[in-house]
Every structure is written in C-alpha cells, then in structure tokens.
Amino acid sequence: FEHHAAMTPTSLEAFLLEYRIGFPVGVDAHDDPAGAPLTMTRYELRGTPSLVLIDRVGLIRFRGFGHEPDLALGARIAQVIAQHDVGVTSAENSVKAACVPGEGCQ
94 FEHHAAMTPT SLEAFLLEYR IGFPVGVDAH DDPAGAPLTM TRYELRGTPS LVLIDRVGLI
154 RFRGFGHEPD LALGARIAQV IAQHDVGVTS AENSVKAACV PGEGCQ
C-alpha cells in the first residue's frame, strides 16, 4: 500500500521475472485513486493478509483478517465441502450472500 506511482505493469512484470513467480497475479482496480481497491471494498476486507473462503456456488463462507492457522483453515474448508456434499448451500449457512459485480456484497 505504498509507492503507488511506482506500481506499473512494467514494474510488476520485472518483479515477477526477477523472483521467478510463475503463477497468475491479479492487480486490483481502483474506483477512486484515493480509496481502497474495488475487491477490498466489495468483499469488506480490512487489509493484508485477508482470506475469503467461497464455496462452489459462490457464497462467502468465511472472511478473515490476519493469519489463519493451517489446521483451522483446513477445518473450515472441510466443513464447506461436507455441507456441499449433503446439499447445504443456502444463504443462511453462509457469512453473506455472493457478491454482485458493480453492486458489492449483500
């Protein structure tokens, strides 16, 4: 969240090459240069690191800020998978309903 003027596509490409990062990297868009990035706003994220667990139908099942211990995260993922396997995918079982582009999370 610092040195925004230096964060250009060319700088990102150089960084990815230098550190041999081969996985996809996304750059969040800003609606207002002074405001938070769109994804942070729509998912109501507070900073880094953030974690959003989204199930197969697009419902947000967990949203957290800070480090999530591996065992706790594994348990959350297992719970979401188990609920899906028995057909539990209603909004009542999610943290919040899915996010709609341009409208944010409801």
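One rule links them: number in the numbering used here = place in the sequence shown (from 1) + 93. Note that CB positions come from ideal geometry on N, CA and C, so glycine has one too.
Cut-off 7 Å between Cβ atoms - residues of its own chain near residue i, not counting five sequence neighbours on either side
i    : result
V188 : Any reading at V188 is ruled out, since the residue's pLDDT is 47, under 50, leaving its predicted position unreliable.
V173 : L146, D148, R154
Chain B contact for residue i (CB, 8 Å cutoff)
i    : result
R135 : In the displayed structure, chain B is absent; only one protein chain is listed.
Residue i beta carbon near the ligand MN (any heavy atom closer than 7 Å)
i    : result
L152 : Summarising the ligand content, the structure contains no ligands, and the ligand MN is consequently not present.
Nearest neighbour of residue i, chosen from the options [CA to CA]
i    : options                : result
V120 : M100, E137, L138       : M100
A98  : G115, A127, V150       : A127
D200 : V150, A165, D163, R135 : Any question about residue 200 goes unanswered here, given that the chain covers just 94 to 199.
Residues near residue i by beta carbon distance below 8 Å, same chain, minus five either side
i    : result
L131 : D121, A122, H123, D124
L164 : none
Three-state class that DSSP yields for residue i in the structure shown
i    : result
I153 : strand
L138 : coil
P130 : strand
I200 : Because the chain in this structure spans residues 94 to 199, residue 200 falls outside the shown range and cannot be described.
F108 : helix
T103 : helix
H177 : helix
Between the CA atoms of residue j and residue i - distance to the nearest angstrom
i    : j    : result
G140 : P102 : 22 Å
G202 : L138 : There is no way to answer for residue 202, as the model of the chain reaches only from 94 to 199.
A107 : Q176 : 43 Å
L110 : P142 : 23 Å
A171 : G115 : 28 Å
H96  : G167 : 35 Å
Same chain, Cβ closer than 6 Å to residue i, neighbours up to 5 away in sequence not counted
i    : result
E161 : L144
E185 : Caution applies to E185, whose pLDDT of 47 falls short of 50 and renders its modelled position unreliable; the model cannot decide the point.
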